Structure formats: C-alpha cells, structure tokens
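Novice: Line order of the protein sequences matches chains A and B.
So the first sequence is residues 248 to 606, counted in the working numbering.
So the second sequence is residues 248 to 606, counted in the working numbering.
Glycine is no exception: its CB is placed at the ideal position from the N, C-alpha and C atoms.
As the structure is a prediction and not an experimental result, all values here were calculated from the model.
Number of protein chains: 2
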Amino acid sequence: MITKPTLILDKKKCSANINTMLSKSKRHNLEFRPHFKTHQSLEIGSWFKDVGVKKITVSSVSMAEYFSTQWNDITIAFPTNILEIEPINELAKKITLNLCIENEESISFLSEHLKFKVNIFLKMDVGYHRTGINPENSDLIKIILEKIDANPLLNFIGFLGHAGHTYKCRTNQAIKKEHSKSLTIMAELKDEYKSRYPNLIISLGDTPSCSVADDFSGVDEIRPGNFVFYDLTQNLIGSNSIAQIAVALACPIVALHKDRSEIVVYGGGVHFSKDRLEDKEGLVFGRVVEKGNNTWGDLIPNTYVKSLSQEHGTISVPKGNMDNYKIGDYLMVLPVHSCMAGNTMKSYTTFEGEIISRL
Amino acid sequence: MITKPTLILDKKKCSANINTMLSKSKRHNLEFRPHFKTHQSLEIGSWFKDVGVKKITVSSVSMAEYFSTQWNDITIAFPTNILEIEPINELAKKITLNLCIENEESISFLSEHLKFKVNIFLKMDVGYHRTGINPENSDLIKIILEKIDANPLLNFIGFLGHAGHTYKCRTNQAIKKEHSKSLTIMAELKDEYKSRYPNLIISLGDTPSCSVADDFSGVDEIRPGNFVFYDLTQNLIGSNSIAQIAVALACPIVALHKDRSEIVVYGGGVHFSKDRLEDKEGLVFGRVVEKGNNTWGDLIPNTYVKSLSQEHGTISVPKGNMDNYKIGDYLMVLPVHSCMAGNTMKSYTTFEGEIISRL
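1. Per the DSSP calculation, Glu425 of chain B is bridged to which residue(s)?
2. Can you tell me the Cα-Cα spacing of Tyr414 of chain B and Ile342 of chain A, whole angstroms?
3. Quick check on Asp453 of chain B: buried or exposed, where buried means 16 or more other Cβ atoms within 10 Å of its Cβ?
4. Here's the rule I'm using: 16 or more other beta-carbon atoms within 10 Å means buried, otherwise exposed. How should Arg280 of chain B be labelled?
5. If distances are taken between C-alpha atoms only, which option among A:Leu483, A:Asp478 and A:Pro565 comes closest to His504 of chain A?
6. Any chance you could list the alpha helix (DSSP H) runs of at least 4 consecutive residues sitting entirely within the region 401-489 of chain A, in chain order?
7. If you measure between the beta carbons of Lys284 of chain B and Val305 of chain B, is that distance less than 8 Å?
8. Give a yes or no on whether the C-beta atoms belonging to Val194 of chain B and Gly539 of chain B are separated by under 8 Å.
9. Contact between the region 438-451 of chain B and the region 394-406 of chain B: three or more CB pairs below 8 Å?
10. How many Å lie between Arg507 of chain B and Val300 of chain A at the Cα?
11. Is Ile574 of chain B helix, strand or coil when you go by DSSP?
12. Going by the beta-carbon positions, is the gap between Gly485 of chain B and Thr418 of chain B smaller than 8 Å?
13. So, is Asn541 of chain B buried or exposed, given that buried needs 16 or more other C-beta atoms within 10 angstroms?
14. Any chance the CB of His376 of chain B is under 7 Å from a heavy atom of the ligand GTP?
15. What did DSSP end up calling Ile354 of chain A once you bin it into helix, strand or coil?
16. Leaving out five residues on either side along the sequence, give the residues of the same chain with a beta carbon under 8 Å from the beta carbon of Val536 of chain B.
17. Could you give the uninterrupted runs of the beta strand (DSSP E) lying entirely in the region 544-574 of chain A, keeping only those of 3 residues or more?
18. Rounded to a whole number of angstroms, what is the C-alpha to C-alpha distance between Ile562 of chain B and Val512 of chain B?
19. Closer than 8 Å, CB to CB, is Asn571 of chain B near chain A or not?
20. Taking only three categories from DSSP, how would you classify Pro326 of chain B?
21. Tell whether a beta-carbon distance below 8 Å holds between Cys586 of chain A and Pro252 of chain A.
22. Relative to the alpha-carbon of Gly365 of chain A, which residue among A:Cys416, A:Asn398, A:Asn381 and A:Glu383 has its alpha-carbon at the smallest distance?
23. For my contact list, Ile329 of chain B and Phe368 of chain B are in at a C-beta cut-off of 8 Å; report their separation, rounded to the angstrom.
24. What is the C-beta distance between His412 of chain B and Glu425 of chain B, in whole angstroms, given that I count them as a contact (C-beta under 8 Å)?
25. Is any beta-carbon of chain A found at less than 8 Å from that of Leu338 of chain B?
26. Is there a Cβ of chain B sitting closer than 8 Å to that of Phe356 of chain A, yes or no?
27. Of the residues B:His286, B:Lys273 and B:His282, which one's Cα is nearest the Cα of Gly589 of chain B?
28. What residues from chain B crowd round Thr475 of chain A, counting only those whose CB sits closer than 9 Å?
29. Please classify Arg274 of chain B: is it buried, with 16 or more other beta-carbons within 10 angstroms of its beta-carbon, or exposed?
30. Looking at Ile321 of chain A and Ile303 of chain A, is the spacing between their C-beta atoms short of 8 Å?
31. In whole angstroms, what separates the C-alpha of Lys340 of chain B from that of Lys362 of chain B?
32. Please list the partners that Lys521 of chain B has in chain A, where partner means a Cβ-to-Cβ separation under 9 Å.
33. Excluding the 5 residues preceding and the 5 following Glu509 of chain B in the sequence, name in chain order all residues of the same chain whose CB lies nearer than 7 Å to its CB.
34. Looking only at C-alpha atoms, which of B:Asp396, B:Cys347, B:Ser293 and B:Ser594 sits nearest to Ile380 of chain B?
35. Determine the extent of the beta strand (DSSP E) in which Pro499 of chain B is found, giving its start and end residues.
36. Quick one: list the residues of chain B neighbouring Asn328 of chain A, beta-carbon separation under 8 Å, in chain order.
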C-alpha cells in the first residue's frame, strides 16, 4: 500500500526492454555490455544474467566495487580517476577491469602505480565534447598507446565513444545522423589501428542510438543503460514509447487547489530529482499516467508536474478534471529522468510487492 | 584525503550561522524552531541543542520519526499526508507533534483516526501559492476550526506561513517587501482570532526573510532551515555572503580540455543534484572557490560548473587559468542548493575528519 513517495518498477516492461535490446544486439552481432548506472541494482543485474549477459558497464569505481561481487568483467566508462588507485588495484586483482583513458597524465600514473593487469579503452570524443580524445589528435593517441605498450600490466583493447549529444535530438532521423558520424569516426580509427591491434574493439553506447539506429557497421560492442527503464526524456528524444517506460513514482495527494487547477503531491526534488524537460507545456518535471491493475496506462493529457520543491510536487491539471482527484489518493507519475529518480529513491517496489535494493 | 566527491562541512561557518540566527531570534523575542530539512542530521541537530534550541521543524513524517529519538517537540511543515496516519499516531503517542492543515478532508480524517493528542497549525498561503489556505477564505478557516474544537485530541495552536516566493527576490528590499506582506496577512489573522484563541501563535520562516528582515511584528516563531549551510541560491537572493556558505563539494579533476577551457570533474548530478541558477554567466550548477587550510576562500572569478551529467561535472575556466589545474587534484565547489546536495551526498565530512551521517 502506498503511504509515501514510492518508485514503482513494472517488471514486465523492464524485462521486455532488456529482451528487445538483447535481441537487437544479437541481430547485429554485437557484444551487449549494458550500462548499469541507471538501475544500480544487483537484483536487476541478475535479470540480465538470466538472459546470458556476461559483461557490464558502470560509471564509477564505487559502482564497479558494488557489482564486482557478481560480475567479473566490468568497464568503468568514466575518465580514470587516479585518486582512486587503491580501489582500482583491488578491483584489478579480482576481476577483468576495463578502464577509460583520455589523457597522458592518467596513463602515466597508472603505469607507475598499477599492481595488476587492466584493459584500457581510449575514450574518444565522437562529438559530445564532454570528455574524450579528439579523434584527429593522433599525437596524443600515439603517446598513450606507447605508454600502454611499454607496460605489460596495460592492455589496449579498443576505442570507446559515447554520443551523449544524441540527447539533444528530437527525431529518429537526427539520432541516426549523429550515430552515423560516430560510426565514421570509429571506422577510421579501426582502419588505422587494426593492423597493429588486430583484436581492438569499437564500443559505442548511448540509449538513443542503440534504440533507434539500424546500422552498426564496424561496431563490436554496445553499452546502453537508460533503456532498462526509459523515461520521458528518452521519449522526447524518440528512443521509446510512453508504454515502454518501466518506472513511475507513486505520490500521495496532499492538497487540491481548484482555483488554480493544481494538485500538490508528496513527491518533490528529493524523490524525482530536479531534472526537467521543456516542451509545448513549458517546464515539465514528470507526467501523470492512468492507474491500472498491476501496471499503469496512458498519459493523462495535460496533467504534469509543473514545479518541484524539496518534498512538494505541484501538478497542473486541466480545468474540469479536478473532481477526479481526492486527498488521500495517490498519483502515478512518469519521471523525466529515470537514472536520477532511481538515485534519489534508492529502491524499487514491484507490483508483486518486492522491494529491490540498489547501491 | 579526497578520492571521490565528498561534501565538506566547515563546522565553524555552520556554527556561526546557527549562532547568528539564534541571536537574531532572541533579539526579536522569537521562538527559534529551526527547520531540519536542510541538514537532516542528528549530529548537526545536537549543535542546536547545545545552544538551547528545544523545538524543531521537519518536512516529512519520515524526518519526524528520525529526529523523534532526540527531539520531543516537532512541527511537520507539510500538508498532513493522511496516508501516513499510522506513523503519525506513533509519533503523537511519544512527542509533542504539530501538524499542518490546509483543507477540510485532512482534518476530518484526523478527527476520525487520530488516537493521541496533536497540535494543529492552519497552513496559510501568504503569497507563495504552493499550498495553504487563502487568508480571505474565512469559511474554510471556520469549518476547520470547528472540527478542531469538536475533538479533544485536536488542539489549534496557530497560523503557519512559508513565504517561498522570496526565493524569486534578488534584493534585500524585495525580500523585505514580501515579508512585510506576510506580516500584514498574519497580523490580520491574529487580530481576528486572538480573542477566541488567546495563545495562538504566528509561525513564519523562510531563510531569505529570516536572514534579511528586521521587522517581526506579531510573529511568535521562526522556522528557517537553509541558513544552517546557506548556498549560491541564497547568495543570489541576498540572504548571505559567499563566506557564510558552510558546505562545499570536493570534486576530483579527471580531464582537462584546454582547447575549450574546460575541466571535467568527478562530481555530477548524483552529487550536486540538478538544481541550477541563472545569472550573467548563464546556467550555473556550482562555483569553484580557492582551497584553504581547513577552510576555503573566495570564489575564483568566472570558474563555475556549466553542466552536469550523472557523474561528470563540466567546469568553465577563464582562458589562461587552465595551467592552474592538474589531473589528480581536486576542486572545491559551492553548491547551488545545499539542501539538495546534502540529500544526494547522504553524509558530511568535516575538516577535522569526522563523517557526519544523516537521514
């Protein structure tokens, strides 16, 4: 029974999302190395194990530590933080650890302080311009590869990219266009380095590209993460339908203000996070869906979270619909960003009544 | 030693903030009932106890449960969530519990289901228009007061307001103007109801008003919360100087991109939250300060968090300053919203090396 904000996970939708992405990777002959930063749960991770997934991606050393109790091949898709050399060595001792390098300082440091073997991806900037090596900077690539080759504990395994700029796309066509640029960049790198490193792999993996693209030429591995739950942002980008979104926040109704056609729910920034999207209704922090029997239904038109404070969410409701709601009932709200809502909520509750913990 | 994002608490600044607000409340003969939603820590709460504070405010039943082990007079400054009647009864059994009512349905429900005595504040809308009773709606006030008076477990203790709209102010004058409107609304209510309820109190309490105002005529109690740490948002509003901000996030530097004059730190939305402010530099998610010896110094001009993803923070740095930074060092960053950063970080680390836990 709902008494306070509760992040509900629809296991069927989640499993369907996992299976769809798995089938796609098989169809394109891709290694499926899902990013676990969205769910951050050993339990949900086990659902991937159940369908044969053996390798995973995370975005911090802490996450790698958490998952290393059950997974023995983990990529940390984040520029290596040399301040964490101690836990990196602990991990390298017990699992196959794949690190990302994008500058000379980090590889020099690793070369001096690493005690166990790790695999190294060169993190390439495929256009997002957040991190990564400029693909045209062959001098830097050369310097890093020389340092890797000079140390038997360092093993170069390939080039890794993250097309985070697809999050700015609003059509499938736009996503495919950005993805195609990533493919070109990666293909050129593969061509240039494959004679020297015949086993090098190309790893790509944002959820929009992996959901929408149908060309993965030259790609060896994909690392999508958000697809496990999807959310309103991914829907706006064009990655998924509303029906595929696998998490919703149940929020008790604590106030009704008919004069301004607003509902106030117990459910604020500490539950949803403050992630937002902007569309025709202005700023949106979540959208209300119809409640269903052990699931939820369609979006209720024009019924959305218009603002959030710490514990309060203010819901805009079309005039005339206010009588559908009452104090002591609760709303089901799809989040703008499921990764962040998971992070603030810290657990998932299934319709079967199971409480699934996470990091 | 900093190895990953760490929320550093400067105990001296924090204690000074507590003492300043305490002195102000004494000077104005106000009951000081600080809001604990910002720090949410028993340990930091004990610093208030040390200076004689006996009553507190929280914003959820969960927070009241957490603090009820050490505090026996707690106001839940949030519209009563009737779905939590069970823990409300548990709390009412053991402490002086003050609830907020802003609609008829909730008071009817309490009247039927309450098993122990509680105090009731009428939550008034003093202009924020998030929740609360319209002060002109004397019919609703009458109905609620009748229900309260008819049940010996319900005790009306006064009117409570939260001028959250002061967060839109950008000058002390503007804050004082909004505060003065709250005073007028509350004075009229006090005048109207004091013959019937001679002990009724007026409770106000946003951090901007409490920090800036010098007129508290008719007010009996203040409930500021954020002042314990302050932050960049409060600084923008005009509540505090930069030097008063008592928390900063230490973030390891993991990438330097001189071509675009950007640093990438390990420190993202899961650490800062995604709260933002907008000023002359555009969107800002945090500002970098000089590091000091067991404290931090001034803002480093034009050096700020320009974007956040889940674990990454991108710092904009003036051209020419990039050589001041190196991989493996860390930055100290003041948060935009300390309540939210505390909520995502879940603990505070002092310069004395103490780790302070929280809810």
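Specialist: Inspection of the coordinates gives the following:
1. Taking the first residue of the second sequence as position 1, residue 425 of chain B is located at position 178. None, per the DSSP bridge assignment.
2. Working through the second sequence from its first residue, we reach residue 414 of chain B at position 167. Working through the first sequence from its first residue, we reach residue 342 of chain A at position 95. Going by the C-alpha atoms only, they are around 49 Å apart.
3. On the second sequence, residue 453 of chain B is found 206 positions in, with the first residue counted as 1. Classification of Asp453 of chain B: buried, given that the 10 Å Cβ count is 16 or more.
4. Here residue 280 of chain B refers to the residue found at position 33 when the second sequence is read from its first residue. Under this definition Arg280 of chain B is a buried residue.
5. Looking up residue 504 of chain A in the first sequence gives position 257. Nearest of A:Leu483, A:Asp478 and A:Pro565 to His504 of chain A, Cα basis: A:Pro565.
6. DSSP runs (the alpha helix (DSSP H)) wholly in the region 401-489 of chain A: 419-440, 454-459 and 479-484.
7. One-based indexing of the second sequence puts residue 284 of chain B at position 37. One-based indexing of the second sequence puts residue 305 of chain B at position 58. One thing to note: Lys284 of chain B has its Cβ within 8 Å of the Cβ of Val305 of chain B.
8. Residue 194 of chain B is absent from the structure shown; chain B starts at 248 and stops at 606.
9. Verdict: yes, contact present.
10. As a first step, residue 507 of chain B must be located in the second sequence, where it is residue number 260. As a first step, residue 300 of chain A must be located in the first sequence, where it is residue number 53. Rounded to whole angstroms, Arg507 of chain B to Val300 of chain A spans 38 Å at the Cα level.
11. The count along the second sequence starts at 1 and reaches residue 574 of chain B at position 327. Note: Ile574 of chain B maps to coil in three-state DSSP.
12. Here residue 485 of chain B corresponds to residue number 238 of the second sequence, with the count starting at 1. Here residue 418 of chain B corresponds to residue number 171 of the second sequence, with the count starting at 1. Cβ atoms of Gly485 of chain B and Thr418 of chain B: closer than 8 Å.
13. Numbered from 1 along the second sequence, position 294 holds the residue referred to as residue 541 of chain B. By the neighbour-count rule (16 or more Cβ atoms within 10 Å), Asn541 of chain B is not buried but exposed.
14. This structure simply doesn't include the ligand GTP, nor any ligand for that matter.
15. Taking the first sequence and counting its residues from 1, the one referred to as residue 354 of chain A is at position 107. Under the three-state reduction of DSSP, Ile354 of chain A is assigned to helix.
16. What you label residue 536 of chain B is simply residue 289 of the second sequence in a count that begins at 1. The residues are Ile489, Ala495, Trp543, Gly544, Asp545, Leu546, Ile547, Met579, Val580 and Leu581.
17. You should have 559-563.
18. Residue mapping note: residue 562 of chain B aligns to position 315 of the second sequence, counting from 1. Residue mapping note: residue 512 of chain B aligns to position 265 of the second sequence, counting from 1. Straight-line Cα distance between these residues: approximately 7 Å.
19. Taking the second sequence and counting its residues from 1, one reaches residue 571 of chain B at position 324. Not an interface residue.
20. In the second sequence, the residue the question calls residue 326 of chain B occupies position 79. Strand.
21. Locating residue 586 of chain A in the first sequence gives position 339, where the first residue counts as 1. Locating residue 252 of chain A in the first sequence gives position 5, where the first residue counts as 1. Against a cut-off of 8 Å, the Cβ pair of Pro252 of chain A and Cys586 of chain A comes out as no contact.
22. Stepping through the first sequence from its first residue, residue 365 of chain A is reached at position 118. According to the sequence provided, residue 365 of chain A is Val. The question's Gly does not apply to it. Answer by Cα proximity: A:Asn398.
23. Along the second sequence, one-based indexing puts residue 329 of chain B at 82. Along the second sequence, one-based indexing puts residue 368 of chain B at 121. Actually they are not in contact, since the Cβ atoms of Ile329 of chain B and Phe368 of chain B sit about 16 Å apart, beyond 8 Å.
24. Taking the first residue of the second sequence as position 1, residue 412 of chain B is located at position 165. Taking the first residue of the second sequence as position 1, residue 425 of chain B is located at position 178. Right, the Cβ-Cβ distance comes to about 6 Å (below 8 Å), so this counts as a contact.
25. Within the second sequence, numbered from 1, the residue matching residue 338 of chain B stands at position 91. Cβ-Cβ to chain A under 8 Å: no for Leu338 of chain B.
26. If you number the first sequence from 1, residue 356 of chain A lands on position 109. Nearest CB-CB separation between Phe356 of chain A and chain B: below the 8 Å threshold.
27. Taking the first residue of the second sequence as position 1, residue 589 of chain B is located at position 342. Selected option, being the one with the closest Cα: B:His286.
28. Along the first sequence, read from residue 1 onward, the residue named residue 475 of chain A stands at position 228. First, the amino acid is wrong: residue 475 of chain A is Val here, not Thr. Chain B residues near Val475 of chain A: none, gap ~14 Å exceeds 9 Å.
29. Translated into positions along the second sequence, residue 274 of chain B becomes position 27. When all chains shown are included, Arg274 of chain B counts as exposed.
30. Within the first sequence, numbered from 1, the residue matching residue 303 of chain A stands at position 56. Within the first sequence, numbered from 1, the residue matching residue 321 of chain A stands at position 74. Taking 8 Å as the Cβ cut-off, Ile303 of chain A and Ile321 of chain A qualify as a contacting pair.
31. As a working note, residue 340 of chain B is residue 93 in the second sequence. As a working note, residue 362 of chain B is residue 115 in the second sequence. Rounded to the nearest angstrom, the two C-alpha atoms are 8 Å apart.
32. Against the second sequence, residue 521 of chain B aligns to sequence position 274. Those are Gly516, Ser520, Lys521, Asp522, Arg523, His584 and Met587, listed as they occur along chain A.
33. In the second sequence, counting from the first residue as 1, residue 509 of chain B sits at position 262. Excluding positions up to five away in sequence, the list reads Thr561, Ile562, Ser563 and Val564.
34. What you label residue 380 of chain B is simply residue 133 of the second sequence in a count that begins at 1. Taking only the C-alpha atoms, the option nearest Ile380 of chain B is B:Cys347.
35. One-based indexing of the second sequence puts residue 499 of chain B at position 252. Annotation for Pro499 of chain B: the continuous beta strand (DSSP E) segment containing it runs Val494 to His504.
36. Sequence index remark: in the first sequence, residue 328 of chain A carries index 81 (1-based). Contact note: Asn328 of chain A reaches chain B through Thr250, Lys251, Pro499, Val501 and Tyr513, using a C-beta cutoff of 8 Å and chain order.
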